[in-house]
Structures are given as C-alpha cells and as structure tokens.
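A quick write-up on the structure given underneath.
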C-alpha cells in the first residue's frame, strides 16, 4: 500500500470547498445600517428621549438574549446581530415620549418569549419585534398611541391624530410632509424618504428582494382604491401608502427572512395576503392602522403557504412540456 | 445578442487570473506511473497485462469491463511493476496497474497514423474512440464512445462543445481553446459526421473574450459550427444548465441529453477524439491547471496520465506558502486531498492549493431562512426543506421534494450565510435513496419469485389432486 502513516495529512472536506463572504452577521449589520437614516431623523425630530429609547431598547434585547442563553447553557449568539435588529425595529415603532420601560419590556418579550422559547434565531414563527409591538399595543394602549408630543412645531396639536387617522376620518394629508417626516408618528416611521433610502441600500446589497414589498404595497394601493371610499384618487392612494407603518413594514418587517415563505410564489401569495389584511384593517377596523397585525397573521400562515408552493424542479412538469414543444418545432423547420 | 444562460446560480470568486495567461508547458517524469482500473463511470477495466510484462506508450493495459466502461492505456513505455490497490484522489485505494517507465516513451505500433476524417465510416470513428480509452475529461468521466452512441443518430439536433469552464480557478480549457482551437473544431467535425442533422455549438462563458474571438475566427467558414457566448455564472457548464442555456430545452435526472436531442462534450474530450481519430494518437496525456494562492508559480501543464500530483507540484515550483488545503479539480466540485501522492486520471482537471480552508474557518450556524439557496439552486429545488427531510431520515419526503434532481453542484452551500452543509447532506441522502431503491427492487424481485414459485406449487398440487381423484374414480370404477 502506498499510504505512509508518518506522512503529513491535509484537511479534507466534502465539496464545495469555498464559501461566499455573506454571513448572518453581515446581513444583520446591513439591516441595522439601513434603519439608520430613519433613526437619525427620528432622533433629530424628537430629541434625546428618542435616542435613549433606541439605545435602551436595543440594549434590553441584546442583554436578554445573552442572559437567556447563559442561563440555559446554550451557545451565546448575540454577535450575530439579530437581537440588535429586533431591538431597533421595536424602538422605531415606539411613540416618541414612551416611558423607557415599556419598549424595554417589549424587548424582553420579543427575545425571550417569541424568539428563544421557540429555539432561537431562525425558529420563531412570528417576527419578534412585531409580536412585541402588538403585545405592548394591547397591554399599554394609551401610552402606545399617544402621539401628542410628536407634533411638529406649529401644527394643530389639539386633534391628536396621525395622518392615517385624519385620512380615515375623511380629512386630507400632505404628501410632502409624509415624505420628509413633518408629521406625528412613531420614532422611525415618520419619513418615507428616510425609509426608502434604507430600503434602496438593502436592495442594492441584495439583502432583500423587491418581490414582497412591491406586491404588498401594490395590493394595499389597489385595495384602498377599491374600498377606501374615494375611488382611484391618486393623491389619496399615495397618502395611504406613505402614511402609517406601511413603507416601514413592507421593507423592514414583511421581508423578515425567518417568518416569510422562502419559495418565490409563496412570497407573492404572502404579500398579497398581508396587503389584503392591511386594507381590511384600515378600512373596516376600529383603529386606523393595520400593518403590524396584518404581517403577524401573515407570519402565522407563511409555513402553510410555503408548503403549498414548492417550485417545479428543473426539467420536470411544465419544463418537460417546453422541451417537447421546442423539439417538435425543430422537427418541422430545422431539418 | 443576449447571452445564453439559466435561472439561478452564483458568482464565486473566479481566481482565473492566476494562471490564464500561462501557456501550456509539458512536464515529464521518470519512475513510476499508476493507472487505476476505475477512472471512469461504469464497470472497472480488466487488466490484460501481467507483472513483468513490457508495455509501450499507448498500449491497452486493461480492457473495458462492460458496455459502460473504458480501456485503460499506459502513457509510458516500461515494465509492469505491480497490479495492486493504490491510493486515489477519492481517498480510497483502487486496483491499479503500476508501470515503471524506461524513460523512452516508445509509442505502440500504429500510433501517429494520419487518417482522413471524411473517409471514415461511423463505425470506424466509434471504434477508434473506444479503443483509445476516451472518457469525459471535464470531470464526470463518462465513457465517450457510449455518449456518441445514442439510440437514433438522426434525432440529435445540437452537438455542444462545453468551453464554459465555469469552475473557479480552472484555466486549462481556456488555454486549450487558444493553443489547440483547430483541434477542438476538428473534434466537432469528426463527431458531426455521426449526427447528420446536428448543429455544432461551441459554448463559452463571456469572461473569456480572447477564446471567443479566436474560436469565432476558426469557425467562420464552417457552416455547421458556431460559437455561442454564455453569461459567466456557476454552474453554467453543468450539462443540464448548458443545454438549457444553449437550446432552451430542459432535461431532468431521469433523461439523457440525447432524449432532448443534444449531446454535450467537454472540449478537452473533443481534442482527444480528434487526436485519436485523425492523428492516431490515443489518450495518454492531459492538460491540468496547477493553481491557488499557495502555489509558487501557477500554470497549465501537459502531463502524462498516471503521473503523481506530488511530482507535478514539485516540478512546477512547489508552494510559496504552507497550504491548508489541496483540491483535485476546482473548489466547487473538486475532491479534497489528504495526501498528494495520487495519480492523475482521465477526469482530473486541476490541482488547487489554498492557504485558507474556507470550510474549517466558517463554522455552521442556524438557518435564518434567507432563501439564498432557493434563489440560487440551478435545479429549482428548496434546500432547507430537503435538509429537514434528510435529517429526519424521511427519504420519501426528500424524494418528493425533488432530492434526486440535485446534481451536487455546491451552489447552495456556497451561498449559505449560515454555512450550512447543504450539498453535503444531499450527497449523503441521495446515496441513501439510491441504496434504498436497490434494496426495494431486490425485495420486489424476491417477492415476485416467491409468489411465482408458490403459484407453481399450488398449480402442481391442484393437478396432482386432480390426477389422484381421476385415479380414484378410475379405481372405483374397476
């Protein structure tokens, strides 16, 4: 035998032997970076309280993940950055004068109850930040819907309503105010422009695909046109799209990897479903907003959608038909 | 013109700049050459020489062991030293003929005989290819003569020369196109004589503009051959993806390319066909790329089959830094070597030496369901679901998800940000499904035999009883 025992042996592995440079941590970092423009504007508009809200919410998320994993003697995964992203999304969903302990409690709920109890990253069936937001909305409705402190200078602070509520009551909203963040609202969702800058970054970096956001927004637009009560008035529909949490939700929450289908067709069905739900909640619901609940319900049906939309393997089914057709064409003309 | 391509795929770091401008150099060694009897898909060859025999370069030393099999030829003249198991790139010892070279490389009688390809019959061409021991040189090692024998020669619409070389770092096909392009065209012309209705297509990825230009120039007067540019993407050169990119047709795991009217050959294989048929030169050499960030002087080398990788690496200047990992073939589908003293076989295409071991340096983390593998899978499969089924030992589920369509190209594992061993799991699961199918088929056969035997038994009994009864009746009558 040619094998000498004293010879130096090299590493072996099963192919492929190279890996792309994209890692979970890099993806999470990109998502966090994409939220920075919106965060910055929120802090600029609402001041130190907003900054502290973001910092404390993120810290609570990371620390609760560390403590849970430490106590459960599981590998510590805080360095993958997913807890930071969860904390940031949750913080950006908070009204600007929220008592700090509310979002911090939300962080603990998101990380421990929604994420870790189900097995940690990749195993949760709901978006942790969204689930926590819904939990806080129900538990602390007053504080969570109090936007009185978030009014731009000179605006009519008496009515206490967000643009979406104004729209629902039959009033008008200003598209330019919605775009540049000159409205009352949560820390992160006031400026469509800042959110779109972040979304563009995610698209360019290949972190998200346009599929879910585009179909989702389009579905809401069509739904509002049909059932919003003002017909296909473009200005009204544009306001509906830009107001509330739709842009933030479409690009940052409905694109969450873990809780959305991985099949291409499944993603389209998912986006249509949450678009319809958002429309129903906005038009027929008690409150003006419905993005969070719509996405959460979408998360729950995502596994079912996924199972029903497994793509046809290469060369099977319809691909075999295409091949047959091409070969017959060749028989007629090619020879 | 839009570039031909397929849906999915990935863009691994190409690394071709290391060796693409290095002209092919011939390397020759004294001493021992090792010829494994199984360096192709199919039955191992049967040795037809004995220890102590004198052999010549190009002499058949082992004959094809079945229909899907290939001859093994000695690449040197010398004496048969041993017929014994020797270590292979696969990591297992394989029965091999070991020849001690006499250093003269004396060719076997009849080699170098020029033939006019237009006067040869189809059978003569196929016999020459078969005798020369040619198999797919791109990596799969499927016997070429078998590929050239579809059920119906007239049903072949496309004859595709695969010059895409989509595997990162590899440049031997590129150099062959630049340096022996006319032999590629010659090989296609030989094969087109077998398939009267086929269009010859040389498919090249667009990261090789020089080769595209050169080959276009060579075929400008050939009415039946044209060059097609393909998008640079891995695995553009996979047989199924290549056929799809060139013709729009799709084949699946249970089809042969010929079922879709196509035949695909690696272009190094076509050069071997041309040399065997037109120049009377059997397959004894191979151009391989020696490359990687640990290699002192990367390049492309013409070596005799049976040479050892260790000798080759030493002869071309060795390493400049300690290598963590050696790969026979490219980094996407090649075989990692734990020792270098293995022979060059027909499907070998490269030796890569890397300073880093990407696999060991990137530990697996949890799946975040990002869907990159789904988007990249060239077979349109859903790797996370397949992994779940395979890990739960649900082989029926794995098959239902199209697991047997996987061609183990490695794209899913490459793109996975959690560094999950997807391809690796599928390799294991596919082997398991294949084994289960075999067992089931054997059981089914046994059951049928059993049933048949029981049936016969029952029939015999019934007949006997009938006989007895008639006998009794007859007796009672008496």
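Residue numbers (my numbering), protein chains in the order written: chain R, 546 to 880; chain E, 32 to 509. Beta carbons are placed, not taken as given, at the ideal position from N, Cα and C, and that holds for glycine. Note that the structure is predicted; figures quoted are calculated from it, not measured.
- Here residue 766(R) is not near residue 708(R), since their CB atoms are 9 Å or more apart.
- Scanning the stretch 772-836 of chain R for uninterrupted beta strand (DSSP E) segments of 3 residues or longer gives nothing; none is fully contained.
- Counting along the chain, the unbroken alpha helix (DSSP H) around residue 342(E) starts and ends at 340-346.
- The Cβ neighbour count for residue 71(E), taken over all protein chains shown within 10 Å, is at least 16; the residue is labelled buried.
- In the three-state DSSP reduction, residue 409(E) falls in the coil class, being neither helix nor strand.
- Contact with chain R is absent for residue 236(E), since none of that chain's Cβ atoms lies less than 9 Å from the residue's Cβ.
- Taking 9 Å as the cut-off, the Cβ atoms of residue 189(E) and residue 294(E) count as close.
- A check of alpha carbon separations from residue 315(E) across 103(E), 48(E) and 367(E) identifies 103(E) as the nearest.
- Bounds of the alpha helix (DSSP H) holding residue 272(E) are 270-278.
- The alpha-carbon of residue 867(R) is positioned some 11 Å away from that of residue 859(R).
- Within the same chain, Cβ atoms closer than 7 Å to the Cβ of residue 288(E) are found at 270, 274, 282, 294 and 295, the five residues on either side in sequence being excluded.
- The residue among 861(R), 745(R), 794(R) and 854(R) with its C-alpha nearest the C-alpha of residue 838(R) is 794(R).
- DSSP places residue 382(E) inside the beta strand (DSSP E), whose first and last residues are 381-385.
- Taken in chain order, the complete beta strand (DSSP E) segments of 3 residues or longer contained in the stretch 303-358 of chain E are 316-322 and 330-335.
- Beta-bridge analysis with DSSP links residue 64(E) to 130(E).
- Residue environment analysis places residue 358(E) among the buried positions, since at least 16 neighbouring C-beta atoms fall within 10 angstroms of its C-beta.
- With fewer than three CB-CB distances shorter than 8 Å, the stretch 724-741 of chain R does not count as touching the stretch 559-573 of chain R.
- Burial check for residue 122(E): the Cβ neighbour count within 10 Å stays below 16, so the residue is exposed.
- Nearest CB-CB separation between residue 183(E) and chain R: not below the 9 Å threshold.
- Counting along the chain, the unbroken beta strand (DSSP E) around residue 194(E) starts and ends at 189-194.
- Cα atoms of residue 249(E) and residue 232(E): separation of roughly 13 Å, rounded to the nearest angstrom.
- Distances from the CA of residue 132(E) to each of 219(E), 477(E) and 336(E) were compared; the closest alpha carbon is that of 336(E).
- At least 9 Å separates the CB of residue 599(R) from every CB of chain E.
- Residue 296(E): member of the beta strand (DSSP E) spanning 293-297, first to last residue.
- Nearest in C-alpha terms to residue 313(E), of all of 333(E), 438(E), 414(E) and 164(E), is 164(E).
- Cβ contact annotation for residue 748(R) (same chain, cutoff 7 Å, sequence separation greater than five): 755, in chain order.
- Residue 85(E) is bridged by DSSP to 110(E).
- Near chain E, meaning a CB-to-CB distance below 7 Å, no residue of the stretch 581-594 of chain R qualifies.
- In the displayed model, residue 181(E) falls within coil according to three-state DSSP, outside both helix and strand.
- For residue 257(E), the uninterrupted beta strand (DSSP E) run begins and ends at 256-261, by DSSP.
- Inter-segment contact for the stretch 637-647 of chain R and the stretch 364-378 of chain E is absent: fewer than three beta-carbon pairs are separated by less than 8 Å.
- The closest CA to that of residue 600(R), considering only 854(R), 628(R) and 798(R), is found on 628(R).
- No Cβ of chain E is located within less than 9 Å of the beta carbon of residue 849(R).
- Distance check between residue 586(R) and each of 637(R), 870(R) and 816(R) places 637(R) closest, using alpha-carbon atoms only.
- Looking from the CA of residue 361(E), the closest CA among 171(E), 141(E), 125(E) and 35(E) belongs to 171(E).
- For residue 91(E), the enclosing beta strand (DSSP E) stretches over residues 91-94.
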